[in-house]
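> Heads up, the sequence shown is in my numbering, so the first residue is 4 and it goes up one at a time.
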Amino acid sequence: MKASGKRSVLTGAAFLMATSAIGPGFLTQTTVFTNSLGASFGFVILASILIDIGVQLNIWRVIAVAEMRAQDIANLLLPGLGTFISLLIVLGGLAFNVGNIAGAGLGLNALLGIPVITGSLISATIAITIFMIREAGKAMDRFAQFMGGVMIVVIVYIAVTSNPPVAEAAMRTIAPEKIDLMTIITLVGGTVGGYITFSGGHRLLDAGIKGKSALRQVSSSAVMGISVASLIRIFLFLASLGVISKGFIIDAENPTGSIFQMAAGNLGYRLFGLVMFSAAITSVIGSAYTSVSFIKSFSPAISKNENKVIIAFILIAAVIFTIAGKPVTLLILAGVLNGFILPVTLATILFAAFNTKIIGDYKHPLWLAGCGALVVLIMTYMSVSVLINYF
4 MKASGKRSVL TGAAFLMATS AIGPGFLTQT TVFTNSLGAS FGFVILASIL
54 IDIGVQLNIW RVIAVAEMRA QDIANLLLPG LGTFISLLIV LGGLAFNVGN
104 IAGAGLGLNA LLGIPVITGS LISATIAITI FMIREAGKAM DRFAQFMGGV
154 MIVVIVYIAV TSNPPVAEAA MRTIAPEKID LMTIITLVGG TVGGYITFSG
204 GHRLLDAGIK GKSALRQVSS SAVMGISVAS LIRIFLFLAS LGVISKGFII
254 DAENPTGSIF QMAAGNLGYR LFGLVMFSAA ITSVIGSAYT SVSFIKSFSP
304 AISKNENKVI IAFILIAAVI FTIAGKPVTL LILAGVLNGF ILPVTLATIL
354 FAAFNTKIIG DYKHPLWLAG CGALVVLIMT YMSVSVLINY F
């Protein structure tokens, strides 16, 4: 692979991971939790970023060295474990995609006034078209990068327009007035939980970027993915904080849309539609691609017809949405559920990192494994705490 082509894939994998994370739930969670925690939400973002990086580096590096997808690694470690994880990932990915398709429809409704159902079907068609292109991988990479760039530009504009109390946000990021475990597990689950953290790792594997010689590039791509998602989270937090700090009341039915509208009027609401559509359509693509990547090694027929299976996955989610819909509360709960899956998948990868039949003579950094083990313990504790206190 030429150097330019490799750079494009590395950047594309990072943006695929980031834009997979930045869906309707991501936007909703950020606005809702800023409203409830105020400037102290900055601490939650900082904590989640540190956890996200530890998770991402462990998983992407082991996948690259093993030169196998996560489900195949898990099955080698413990027969049947990969199948179980794949089932969780696919079900979670399908649930997320129902919300993603709904969000894309809502975005087009806010941007162009198109009915939500019609906008959702148009969005599903756009996503399907990506996988009808002969070089779908390259098309997916470029689409994710373009739409990610659009979101960054728009959200930075809204953040500047809302004139947030930056000094207070910076202070409370280090010294929060209150900490809520529910918000941390939700953010981590929504950024690297479920299928999301595997999206870029599997994309690099499919593109042939693997092995010990590629570890530096893989690590850089992993950190880039978290950086892009975190940058958008931070500016959306500042935009929301700017509006909320002025005493405005956000709309519980459309929290992020009301933030954009109060920050920049009717133009702001149109821009919200653009961001919502961009976030949702890229998450539709990322969720479908990664979910199917978890089952394609189980059957030659699925592997041979991967793009057709991805298209079917998108169609099923679109049909479910037109019948059942997807409310705001479930978008937040989906992030929480992904957070519950994370300790299982990360623990599996960490055990694999020291299994010579999986990683050969590769020596996984002990400090990185230690950070990963700490994340498993923290996320397990938080998951149990949330189950006890919230359910």
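Idealized CB from N, CA, C, for every residue including glycine. Since the model is a prediction, treat every value here as computed from it, not as a measurement.
1) Please say whether I25 and I284 have beta carbons closer to each other than 7 Å?
2) Distance, Cα to Cα, A376 vs A356?
3) F275 lies in the alpha helix (DSSP H); which residues open and close that run?
4) Going by C-alpha to C-alpha distance, which of I252, A321 and S11 sits closest to G102?
5) How many whole angstroms separate the CB atoms of M265 and F251, which I take to be in contact at a CB cut-off of 8 Å?
6) Residues in its own chain within less than 6 Å of S165 by CB, not counting five upstream and five downstream?
7) Does DSSP put I129 in a helix, a strand or coil?
8) Between which residues of its own chain and S386 is the CB-CB distance below 7 Å, once the five residues before and five after are set aside?
9) Would you kindly check if the distance between the Cβ of E171 and the Cβ of S1 is under 7 Å?
10) Is it true that the CB of I262 sits closer than 7 Å to the CB of Q59?
11) Return the CA-CA distance between P330 and F324, expressed in angstroms with no decimal places.
12) Distance, Cα to Cα, Q148 vs M227?
13) For I161, I'd like the list of residues in its chain whose CB is within less than 7 Å of its CB, leaving aside the five on either flank, ordered along the chain.
14) Identify which residue in L49, I391 and T22 has its Cα closest to the Cα of T176.
15) Does the Cβ of L369 have 16 or more other Cβ atoms within 10 Å, making it buried, or fewer, making it exposed?
16) So, helix, strand or coil for L81, using DSSP?
17) Do E70 and K213 come within 7 Å of each other at the CB atom, strictly closer than that value?
18) For D144, count the other beta carbons within 10 Å of its own beta carbon; 16 or more makes it buried, fewer makes it exposed. Which is it?
19) With distances taken from CA atoms, which of N100, A105 and A130 is nearest N257?
20) Which residue's Cα is closest to the Cα of M150: T22, I66, V47 and I117?
The structure says:
1) Along the sequence shown, read from residue 1 onward, the residue named residue 284 stands at position 281. Along the sequence shown, read from residue 1 onward, the residue named residue 25 stands at position 22. Not closer than 7 Å, so no.
2) Your numbering for residue 376 matches position 373 in the sequence shown. Your numbering for residue 356 matches position 353 in the sequence shown. Approximately 12 Å, taken between the alpha carbons.
3) Numbered from its first residue, the sequence shown carries residue 275 at position 272. Unbroken alpha helix (DSSP H) run through F275: P258 to S296.
4) Residue 102 sits at position 99 when you count from the first residue of the sequence shown. When only C-alpha atoms are compared, the closest one is A321.
5) Taking the first residue of the sequence shown as 1, we reach residue 265 at position 262. Taking the first residue of the sequence shown as 1, we reach residue 251 at position 248. Right, the Cβ-Cβ distance comes to about 5 Å (below 8 Å), so this counts as a contact.
6) Against the sequence shown, residue 165 aligns to sequence position 162. Correct list, in chain order: A242, G245, V246 and A266.
7) Stepping through the sequence shown from its first residue, residue 129 is reached at position 126. Correct three-state label for I129: helix.
8) If you number the sequence shown from 1, residue 386 lands on position 383. Within the same chain, S386 has close Cβ partners I188, G342, F343 and P346.
9) Not covered by the structure: residue 1. The range shown for the chain is 4 to 394.
10) Within the sequence shown, residue 59 is the residue found at index 56, counting from 1. Within the sequence shown, residue 262 is the residue found at index 259, counting from 1. Not in contact: Q59 and I262 (Cβ atoms no closer than 7 Å).
11) For the purposes of this step, residue 330 is taken as residue 327 along the sequence shown, with counting starting at 1. For the purposes of this step, residue 324 is taken as residue 321 along the sequence shown, with counting starting at 1. Note that P330 has pLDDT 44, beneath the 50 cutoff, so the model's placement of it is unreliable and the number below is only indicative. Straight-line Cα distance between these residues: approximately 11 Å.
12) Here the question's residue 148 lines up with position 145 in the sequence shown. Here the question's residue 227 lines up with position 224 in the sequence shown. So the alpha carbons of these two residues sit roughly 12 Å apart.
13) Here residue 161 corresponds to residue number 158 of the sequence shown, with the count starting at 1. Answer for I161: A242, F263, A266, A267, G271 and L274, listed in chain order.
14) In the sequence shown, residue 176 corresponds to position 173, counting from 1. The candidate whose alpha carbon is nearest that of T176 is L49.
15) The count along the sequence shown starts at 1 and reaches residue 369 at position 366. With fewer than 16 other Cβ atoms within 10 Å, it is exposed.
16) Numbered from its first residue, the sequence shown carries residue 81 at position 78. Looking at L81 - three-state DSSP - the assignment turns out to be coil, as it is neither helix nor strand.
17) Here residue 213 is taken as the residue at index 210 of the sequence shown, counted from 1. Here residue 70 is taken as the residue at index 67 of the sequence shown, counted from 1. In this structure, E70 lies closer than 7 Å to K213 by Cβ.
18) Numbered from its first residue, the sequence shown carries residue 144 at position 141. Classification of D144: buried, given that the 10 Å Cβ count is 16 or more.
19) Here residue 257 refers to the residue found at position 254 when the sequence shown is read from its first residue. Considering only alpha carbons, the answer is A105.
20) Within the sequence shown, numbered from 1, the residue matching residue 150 stands at position 147. Checked all of T22, I66, V47 and I117; the closest Cα to M150 is T22.
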